[in-house]
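Only one structure is covered here, and it is reproduced in the block below.
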């Protein structure tokens, strides 16, 4: 990479996808730290926060990154103040969650530095008919994600998502819902077409796939983090869900190309059947 003249930059934004999770080029990370000390404002889009964090540039700052990366990021950087919002502009650090969020962040930055009229004109040119504030949540509400409006089902889903490492049994979920287990199963079948246990298992396995692909946790550690008592039970459930083994779907296997074809085909099947 040619760094000549980089110190004269006003702002350097790192745009990165999931591959950045495995990026550890110490020379580039040191260069980023040097540029920050020289007064260059630093930003990150989606996984760009990984590089900023590894360069030591996020301590004491509020920042964000894509929601899917947040669990693995917090495993590596438990002391950093990651936010679950669209974007953060904190002094000389600008980060956003990716997707369409860079448009919202740049609208805020242009409005701050050049006035609202110019920001509106830029957004209009980009066909951005709705501008979101930084505090706007990244994800759709459960109502939108799952197409469910029943308050009881939504409450149980929220509990499941908050306790992926401690899956509740059917009777416990029914007690939490304040109805019988049979009534709860009827509600899930009516609104989601599956039992509470099946739905909960899918949530856990989806989270397991995120951890496998975005952290350096072992297969057994991921199994425990998603509520599986042993690796064999985890592997069987994982293969049934995704069509490949956990070991072939790890970050290193996918990024190195080993298992990429298997993982890609399995992903296509998963998307079509989800």
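Numbering (UniProt numbering), first residue to last: 1 to 274. We treat Cβ as the ideally placed atom computed from N, Cα and C, and that holds for glycine.
Starting from residue i, follow the beta strand (DSSP E) in both directions and report where the run begins and ends.
i, result
"residue 82", "81-83"
"residue 87", "87-90"
"residue 93", "93-96"
Going by DSSP, what residue range makes up the alpha helix (DSSP H) through residue i?
i, result
"residue 116", "116-125"
"residue 31", "26-37"
"residue 52", "48-54"
"residue 242", "231-242"
"residue 149", "Note, residue 149: premise wrong, no alpha helix (DSSP H); not H, not E."
"residue 12", "Element bounds for residue 12: not the alpha helix (DSSP H) but the beta strand (DSSP E), 11-16."
"residue 63", "Premise fails: residue 63 lies in the beta strand (DSSP E), 62-64, not in any alpha helix (DSSP H)."
"residue 71", "70-76"
"residue 222", "219-225"
Taking Cβ positions, are residue i and residue j nearer each other than 8 Å?
i, j, result
"residue 204", "residue 176", "no"
"residue 92", "residue 41", "yes"
"residue 152", "residue 213", "no"
"residue 122", "residue 107", "yes"
"residue 65", "residue 58", "no"
"residue 118", "residue 105", "no"
"residue 241", "residue 202", "yes"
"residue 50", "residue 20", "yes"
"residue 85", "residue 128", "no"
In angstroms with no decimal places, state the Cα-to-Cα distance between residue i and residue j.
i, j, result
"residue 73", "residue 211", "10 Å"
"residue 71", "residue 77", "10 Å"
"residue 184", "residue 235", "28 Å"
"residue 187", "residue 168", "17 Å"
"residue 26", "residue 220", "29 Å"
"residue 244", "residue 209", "11 Å"
"residue 10", "residue 87", "19 Å"
"residue 222", "residue 180", "32 Å"
"residue 83", "residue 63", "6 Å"
With DSSP as the reference, label residue i as helix, strand or coil.
i, result
"residue 43", "strand"
"residue 195", "coil"
"residue 179", "coil"
"residue 111", "helix"
"residue 274", "Since pLDDT at residue 274 reaches only 42, below the 50 mark, its modelled position is unreliable, and no value is offered."
"residue 171", "helix"
"residue 142", "helix"
"residue 246", "coil"
message = Count Cβ pairs between the region 139-149 and the region 157-174 that sit closer than 8 Å; are there 3 or more?
response = yes
Mind the definition here: the region 45-52 touches the region 7-25 only if three or more C-beta pairs lie below 8 Å; say whether that holds.
yes
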